[in-house]
Amino acid sequence: MQTLVWRIDPQKFTLDELQMAASLFRQGRLVAFPTETVYGLGANALDGQAVQGIFQAKGRPVDNPLIVHIAALAEIWSLVEAFPPLARSLAETFWPGPLTLVLPASGQVPAVVTAGLPTVGIRLPDHPVARALIRLAGVPVAAPSANRSGKPSPTTARHVLEDLNGRIAGVVDGGACAVGVESTVVDVTGSKPVILRPGGVTREMLTRVAGPVTVDRAVLDGDAVPRSPGMKYTHYAPRAPVFLLPGVWENQCKVLAGLLPGIPDLVSGPLGLLISRETQAELGPGLETGLGTGGPPVIRLTGSRGDLSLVAARLFGLLREFDSTDVKLILAETYPQEGIGLALMNRLAKAAGGHTWPPGRGVFFGE
Ligand code: TXA
Ligand code: MG
C-alpha cells in the first residue's frame with residue numbers, strides 16, 4: 002500500500018486540501034492526522050471493521066480501547082449514555098483541548114472501539130486541521146496515537162511514517178504538535194473525577210474546576226493494576242534501555258558526576274544522556290568526554306528545568322532520536338511531578354519500565 006502525504010499549513014488551509022483524507026475515512030480507510038497533543042491514527046469510529054484495521058496497523062493489543070474524536074461538543078450526545086454536570090463543566094472549560102472524558106458509552110459505539118468496556122473516551126481536539134478533517138468526514142473519528150505499539154508517540158508526520166509507512170492510506174502533515182504528550186484521560190462516571198492518564202490538562206487545572214481530583218494508583222505505582230487498559234503496557238521505549246536518575250536535581254548531578262571517571266564494564270558502547278541544559282552546565286566539559294569506554298556520550302538536551310512544557314513537547318522526539326544512534330543505555334534526568342511534570346514523569350517512567358540508576362535500586366513511580 003502506498004501511504005499518501007498531504008502537507009497542510011494549519012494557519013491557512015482550505016477544506017479542499019482535506020477532501021481526499023476525509024473521503025478516505027468514509028471509505029473505511031486509515032488516515033493519520035495532527036492534533037495539539039500527538040498525531041492520531043484515525044478511522045470512522047462507527048465502522049467496526051475500519052477500527053479493527055487500526056489495531057492491525059499499530060500491532061495494538063485488542064483489549065486497549067480507543068479515544069473517539071469529535072469536532073463539536075454537540076456531537077457527544079449520540080456517543081454517550083449520559084453526560085453528567087461534572088463532565089459537562091470540564092468539557093466546557095477544557096474543550097477544545099488535551100482532555101479525554103471517559104463516559105458511559107451509547108449503543109452507537111462499536112465494541113471494538115471500547116474494547117468491550119461499558120465506557121467510551123471522548124475528546125474534542127484543539128487543532129484546526131483535526132477539527133476540519135473530522136467535520137468534513139462527517140463521522141466521529143476513533144484515533145489512538147499513530148505509532149507502532151510500544152514506541153514513543155509521534156509528534157511529527159515523519160515519526161508517523163517511520164512507524165506506519167505502507168501500512169495506512171495517508172498522513173495529513175500539519176507540522177509538529179505543540180503539547181507533545183497525550184491528553185489527560187479522566188473518568189467522569191463517578192462523583193469525583195479520576196485521572197487515569199496524566200496529560201496536557203494538569204491535575205491542578207482540573208482541581209480548579211472540579212474540586213479534589215483523584216489520580217489512579219497505576220499512574221504513581223508501576224505494580225498497581227490500572228483502570229485505563231493502555232496504562233499497563235510498556236510504552237515510549239527506545240531500543241536502548243532507559244534508566245531514570247531519581248531524587249532532587251542536586252543528587253542527580255552528583256550521580257552523573259560520579260560516573261565521569263568512567264563505567265568501563267557496564268556497557269560496550271556510548272551512553273545516551275537525556276538531560277536539561279542546567280545539568281549540562283553544572284557538569285561542565287567533563288561530560289562530553291567522560292562516562293565509559295564506549296566513546297563520548299550522546300547528549301540530547303531536553304531544554305530548561307524552568308520550562309517543563311517545552312521539555313514535555315520535545316520528549317518523544319528525543320527518545321526516537323536515540324534509535325538512530327548506537328547508544329547502549331540511556332540515563333534520563335527526572336523532574337518534579339507538578340503541573341505538566343506529572344505527565345512528563347509518567348511517560349519517562351514508562352519509557353524506563355520504572356527502572357532507576359544505579360540498577361537494582363527500585364523503581365520510579367511517584368514520589
Ligand atoms: O492525546 C491523545 O489522547 C491522543 C490523540 C491522538 O488524541 N490519543 C491517544 O490515544 O493517546 P491512545 O490510544 O494512544 O491512548 C488512549 C488511552 C489509553 O491508555 C486507553 O487505555 C485509554 O486512553 N482509554 C480509552 N478509552 C478508555 C475507556 N473507556 N476507559 C478507560 N481508559 C480508556
Ligand atoms: Mg498511544
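Numbering-wise (the numbering used here), the sequence shown opens with residue 2 and increments by one.
For glycine and all other residues, C-beta sits at the position ideal for the given N, C-alpha and C.
field: residue 45, DSSP secondary structure in three states
entry: strand
message: Please classify residue 308 as buried or exposed, where buried requires at least 16 neighbouring CB atoms within 10 angstroms.
response: exposed
- request: Verify the CB distance criterion: does residue 117 have a CB-CB separation below 8 Å to chain B?
  value: Checking the listed chains, one finds no chain B in this structure; it contains a single protein chain.
- prompt: Excluding sequence positions up to five away, which residues of its chain have a Cβ less than 6 Å from the Cβ of residue 302?
  reply: 278
Limits of the unbroken alpha helix (DSSP H) element including residue 27: 20 to 27
message: Does the contact criterion of 3 or more C-beta pairs under 8 Å hold for the region 200 to 209 versus the region 86 to 99?
response: yes
task: Determine which residues share a DSSP beta bridge with residue 274 and list them.
output: Paired residues: 300, 332.
- prompt: Quick one, which of 174, 113, 319 has its alpha-carbon nearest residue 66's?
  reply: 113
message: When you compare the CB positions of residue 241 and residue 273, do they come within less than 8 Å of one another, or not?
response: yes
message: I need the boundaries of the beta strand (DSSP E) containing residue 120, first residue and last residue.
response: 120 to 124
message: Between the region 36 to 55 and the region 144 to 152, can you find at least three pairs of beta-carbon atoms closer than 8 Å?
response: By the criterion of at least three beta-carbon pairs nearer than 8 Å, the region 144 to 152 is in contact with the region 36 to 55.
Which listed residue (202, 252, 139, 197) has its alpha carbon closest to that of residue 216: 197
message: Count Cβ pairs between the region 28 to 36 and the region 168 to 179 that sit closer than 8 Å; are there 3 or more?
response: yes
message: Residues around the ligand MG, please: the ones whose beta-carbon is closer than 6 Å to some heavy atom of it, in chain order.
response: 145, 146, 154
- prompt: Would the C-beta of residue 297 count as close to the ligand TXA, meaning under 7 Å from any of its heavy atoms?
  reply: no
Euclidean distance between Cα positions of residue 128 and residue 37: 5 Å
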